[in-house]
Amino acid sequence: CTLVARQFRAAGIEPTPGIALCMVSGIISDTLHLRSPTTTDVDREILQWLNGFAAVDLETFVQEFFEVGSALRSHEAAHVVREDCKEFVDRGHRFSISQIEEIGFELFWERSSELHEALVELSRARELDFSALLITDILSNGSLLLMSHEPEVWEQINYPRVERFLYKLENVVSRKKQLLPLISQLLENAAASDA
Numbered sequence: 014c015t016l017v018a019r020q021f022r023a024a025g026i027e028p029t030p031g032i033a034l035c036m037v038s039g040i041i042s043d044t045l046h047l048r049s050p051t052t053t054d055v056d057r058e059i060l061q062w063l064n065g066f067a068a069v070d071l072e073t074f075v076q077e078f079f080e081v082g083s084a085l086r087s088h089e090a091a092h093v094v095r096e097d098c099k100e101f102v103d104r105g106h107r108f109s110i111s112q113i114e115e116i117g118f119e120l121f122w123e124r125s126s127e128l129h130e131a132l133v134e135l136s137r138a139r140e141l142d143f144s145a146l147l148i149t150d151i152l153s154n155g156s157l158l159l160m161s162h163e164p165e166v167w168e169q170i171n172y173p174r175v176e177r178f179l180y181k182l183e184n185v186v187s188r189k190k191q192l193l194p195l196i197s198q199l200l201e202n203a204a205a206s207d208a
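Under the working numbering, the sequence shown has 84 at position 71, and the numbering climbs by one with no breaks.
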């Protein structure tokens with residue numbers, strides 16, 4: 014959406030309020046309301062420009078946007094862990110990481126047991142070594158990490174354990190740029206210590 018909005022601006026075209034709001038929604042979703050490590054200064058600039066046309070209170074809109082889109086509010090646990098799920102192979106380990114974005118963790122706490130069961134089933138069905146679900150709180154800029162199993166390498170994780178299979182990852186919001194490198198490093202450390 015940032016690229017499309019830049020084209021509008023470069024051509025001197027003012028988007029209608031509806032079009033501007035659609036592009037605002039896309040940027041908010043893609044950048045986790047400018048909190049993702051993938052966010053650029055151009056995203057920030059374009060969002061501000063678009064909001065002038067969308068004419069909404071951005072903070073209120075963001076809150077409503079993520080509440081309405083809550084996977085935990087509207088889907089079965091099995092769907093939640095499969096919807097945005099990516100599989101990886103690293104140092105002989107096959108695993109998956111799913112991610113959802115929420116406003117707060119209240120709905121997660123209500124459903125944590127069934128989500129863990131769904132992760133265990135996903136891991137079993139796909140013959141993975143483990144599966145993970147990253148639950149990202151848009152407002153706090155942090156996440157909870159729910160694991161189907163805790164591989165031995167997990168003893169070296171530098172984040173607080175909340176309870177069995179669950180960790181608090183402050184300032185971690187990106188599966189690709191933050192969580193995957195963390196898991197890769199843990200697997201690499203384990204491989205080095207086994208050698």
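We put the CB at the ideal spot given by N, CA and C, even for glycine.
Keep in mind the model is a prediction, meaning the values are calculated, not measured.
Query raised in the report: Quick one: Cα of R174 to Cα of F21, how far?
Result: 47 angstroms
Report task. Consult DSSP for D70 and reduce its assignment to one of helix, strand or coil. Result -> Residue state, collapsed to three classes: coil.
Query raised in the report: For H92, does the count of other Cβ atoms within 10 angstroms reach 16, so buried, or fall short, so exposed?
Result: exposed
Report task. Measure the CB-CB distance between E134 and F79 and report whether it falls below 8 angstroms. Result -> no
Requested in this report: Please state if the CB of L152 and the CB of F121 are separated by a distance shorter than 8 angstroms.
Outcome: no
Query raised in the report: Helix, strand or coil for I26 per DSSP?
Result: DSSP places I26 in coil when its eight states are reduced to three.
Report task. State the CB to CB distance for the pair L159 and L128, rounded to an integer number of angstroms; the pair is presumed to be in contact (CB under 8 angstroms). Result -> 6 angstroms
Query - Within the stretch 81 to 111, ranges of the alpha helix (DSSP H) (whole runs, at least 4 residues) - result: 84 to 87, 90 to 96
Report task. Check the DSSP bridge columns for I196 and list the partner residues they point to. Result -> DSSP output for I196 lists no bridge partner at all.
Report task. Would you give the residue range spanned by the beta strand (DSSP E) that E119 belongs to? Result -> Per DSSP, E119 belongs to no beta strand (DSSP E); it is in the alpha helix (DSSP H), 119 to 138.
Requested in this report: Name, in chain order, the residues that DSSP records as bridge partners for T149.
Outcome: E114, S156
Query - Check whether L193 and I59 have beta carbons under 8 angstroms apart - result: no
Query raised in the report: With respect to the beta strand (DSSP E) encompassing V185, which residues constitute its N-terminal and C-terminal limits?
Result: Segment: none, V185 is in no beta strand (DSSP E) and carries neither H nor E.
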